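Novice: Counting along the sequence shown from 1, when you hit position 400 you're at 407 in the numbering used here, and nothing is skipped either side.
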Amino acid sequence: MESAAFRRSHIARTGIDGPGEDPSGDRVSRAARQPTAPLPGSITRWLLSAGADDDIALVEPAGPVSYRKLRAMVAAMAGRLRAAGLPDGARVGVLGSNSAFWVSCYLAAMTRWVAVPLAERMTPGQTRDQIHFAGCRALCVDARHRASHADALSGIVIVTEQDLAEAVADPGRAGAKFTGAECTGAGLTAWTADRDRDAVVVFTSGTTARPKAVRITHRNLWANTRSIVACLQIRRDDRMLVVLPFHYCFGASLLHTHLRAGASLVLCTSFAFPQTAVNLIEARQCTALAGVPSSFQLLLRASDFAAHQLPSLRKIQQAGGRLPEAQLRELMRAQPQSQLFVMYGQTEATARLSVLPPERLADKLGSIGRGIPGVDLEILDERGRRVGPAVVGEIYASGANVSPGYLDDPVASADKFPGGRLRTGDLARMDEEGFIYIVDRRDDFIKSWGRRVSSLEIENCALQMPGILEAAAIGVPDDAAGEAIELFLVPGPAGPLTEARGRGPAGPLTDAQVQGFLRERLPKYMLPRRIHWVPALPMNVNGKVSKASLRQRATEPDGAPMPMETTT
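1. Alpha carbon to alpha carbon, what distance is there between methionine 247 and glutamate 67?
2. From Phe452, Ser410, Met437, pick the residue whose C-alpha is nearest to that of glutamate 224; which is it?
3. Find out if the Cβ-Cβ distance for the pair glutamine 137, phenylalanine 210 is shorter than 8 Å.
4. Give the DSSP bridge partners of cysteine 143, in chain order.
5. Considering only residues of the stretch 281–322, which uninterrupted beta strand (DSSP E) runs meet the minimum length of 3 residues and lie entirely inside it, listed in chain order?
6. Any heavy atom of the ligand GTP inside 7 Å of the beta-carbon of leucine 54?
7. How would you label phenylalanine 495, buried or exposed, when you count the other beta carbons within 10 angstroms and need 16 or more for buried?
8. Is the stretch 427–447 in contact with the stretch 462–469, if contact means three or more CB pairs nearer than 8 Å?
9. Have a look at Gly298, Leu251, Val418 and flag the residue whose alpha-carbon is nearest the alpha-carbon of threonine 276.
10. Which runs of the alpha helix (DSSP H), 4 residues or longer, sit entirely within the stretch 320–386?
11. Who does glutamate 490 pair with in a DSSP beta bridge?
12. How would you label glutamate 477, buried or exposed, when you count the other beta carbons within 10 angstroms and need 16 or more for buried?
13. Specify whether the stretch 100–111 and the stretch 120–133 touch according to this definition: at least 3 beta carbon pairs, one from each stretch, less than 8 Å apart.
14. Start and end of the beta strand (DSSP E) containing glutamate 464?
15. Can we say the stretch 352–367 touches the stretch 273–290, given the rule of at least three CB pairs closer than 8 Å?
16. Would you tell me roughly how many angstroms separate the C-alpha atoms of proline 545 and lysine 554, rounded to the nearest one?
17. Just to confirm the assignment, what range does the beta strand (DSSP E) spanning leucine 65 have?
18. So what does DSSP say about tryptophan 456, is it helix, strand or coil?
19. Who are the Cβ neighbours of asparagine 408 in its own chain at under 6 Å, not counting the five residues just before and after it?
20. Can you tell me whether glutamate 477 is helix, strand or coil according to DSSP?
21. Take every Cβ of the stretch 322–337, pair it with every Cβ of the stretch 298–314, and state whether three or more of those distances are shorter than 8 Å.
22. Given this structure, state the Cα-to-Cα distance separating glycine 373 from glycine 352, to the nearest angstrom.
23. Grab the span of the alpha helix (DSSP H) containing valine 221 for me, first residue to last.
24. Exposed or buried, proline 343, counting other C-beta atoms within 10 Å across all chains shown (16 or more means buried)?
25. Suppose you measure from the CA of serine 405 to the CA of valine 399; what does that come to, to the nearest Å?
26. Apply the 10 Å Cβ neighbour rule to phenylalanine 442 and answer buried if 16 or more other Cβ atoms are within range, or exposed otherwise.
27. How many Å lie between valine 483 and leucine 529 at the Cα?
28. Taking just the CA atoms, how far does glycine 499 sit from leucine 239?
29. According to DSSP, is histidine 263 part of a helix, a strand, or is it coil?
30. Does the Cβ-Cβ distance between histidine 265 and isoleucine 241 come in under 8 Å?
31. By the 10 Å Cβ neighbour count, where 16 or more other Cβ atoms means buried, how is tyrosine 532 classified, buried or exposed?
Structural data, given as structure tokens:
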């Protein structure tokens, strides 16, 4: 039986069977909470229409780029692509580091064509495979990646930084029919597009399988961007420090939302040295910072972020995976003047689905919050029925931000988007107020001795032990158990020194101590068969832990090296 409180919470969350509540607490109908403003044609002209000409759009290491200059660069690049003879709707790859060049290419590609962001850390062979799979007719590539990926770039129109510079200097010579003026005022009407046409094709990070190509429409981008700007109250005077790559959906969302607000984005191109980010926040008086768990773990462990007060920093966004509760508390203590927004999303949702607002963080720690405006989140059982509070089911999402499906993969699309809803693959429970708590990813559950074991629960338990910085639990085939549990641990400052492969601790912690700690807190069937000590967990191109790489490592013969970085 559903309680009355849960029923009221469901109505407030979804707007079904009566009025709901918007994030400010006002009583509104479900229809009123859906986006109602006129939908622009090209998402590019909508994103670029907010910033004042002389305001700063981007800050590169070489200096600032105004909105006037960025509009001129986008217009020139659009002209260059048109001069190349690309038909409307053709797909255009974008490969490079975060830069004004990358942003110009990406936004230009969405005016008449479809942008295909490519991860810069992929191998040339992987890049070639994605270019071919997406059917890209052209590729915008910066000088560094053109040199390193030369063998993968044959048989395709190549557009470079030099081409953009020439097009900006002489639009007529480049065959451009657009000028910077057409990005402002009445000229915005020059760029139009069908709202349901694809704007971008984004490859998933592939944490558990081969990446899929997600179709994102102009409507999707508009809906998600508009919701996030309102939800996070992004303002024209905000300055976001960007440490995430723009090819990643979370990084792209930062770009979309801050351009739409007429705000500034400060590009940190050397986050391998996290102190650089701290210095940039102070030097550029950044008001906002966003990252995935590994971003904040680096900041907290390899910089003076926790000891250095940064009064300009008003907002911190954390998404892209679950940051352990202990580290969330540490992050809050590090910059107490900042509001911390915990968010949840997926590539298939055009980035973000839910938010845990700062004022509820203390009493709802561990939750991903509730759906952002325009997004309905439900917890359903295996038969598609909505479950009551505290019952575990799968998160389903619906809203104008949900992708229409995968590129050229109707079978996977039918499974992932039944009835137009997004089947997230995340198992979770909902409390009486409608706040959602993720239990684990469906694919990460370990089936051991006839039981379904949450890898996340094991990891969270291990992270409570002093001296453990990171943890990842996986299941490996086992004749007796079905799957045996293996636990990968990264030692913290007080933990053991490890060899390159992490064959075992050489410091104060031992496997026996870890097993003893876990044994006091977990049932026997959840205890790992083996512990691996590693200097770092392997990450995919978007900074998420690659459990596929860990499973491969766990089944390799002893002595094989384990890569700390992967592209799958």
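C-beta: ideal position from N, C-alpha, C; glycine also.
Keep in mind it's a predicted model, so treat the numbers as computed, not measured.
Specialist: So, to answer that:
1. 12 Å
2. Before going further, note that residue 224 is threonine rather than glutamate in the sequence given. Of the listed residues, the one whose Cα sits closest to threonine 224 is Ser410.
3. yes
4. Arg98
5. 295–298
6. Of ligands this structure carries none, so the ligand GTP is not represented either.
7. buried
8. yes
9. Leu251
10. 332–341
11. Pro484
12. buried
13. yes
14. Taken as a continuous stretch (DSSP letters only), glutamate 464 belongs to no beta strand (DSSP E), being part of the alpha helix (DSSP H) at 462–469.
15. no
16. 8 Å
17. 63–67
18. coil
19. Asn227, Ala230, Asn231, Ala356, Thr357
20. strand
21. yes
22. 15 Å
23. Here valine 221 belongs to no alpha helix (DSSP H); instead the beta strand (DSSP E) covers 220–224.
24. exposed
25. 19 Å
26. buried
27. 19 Å
28. 33 Å
29. helix
30. yes
31. exposed
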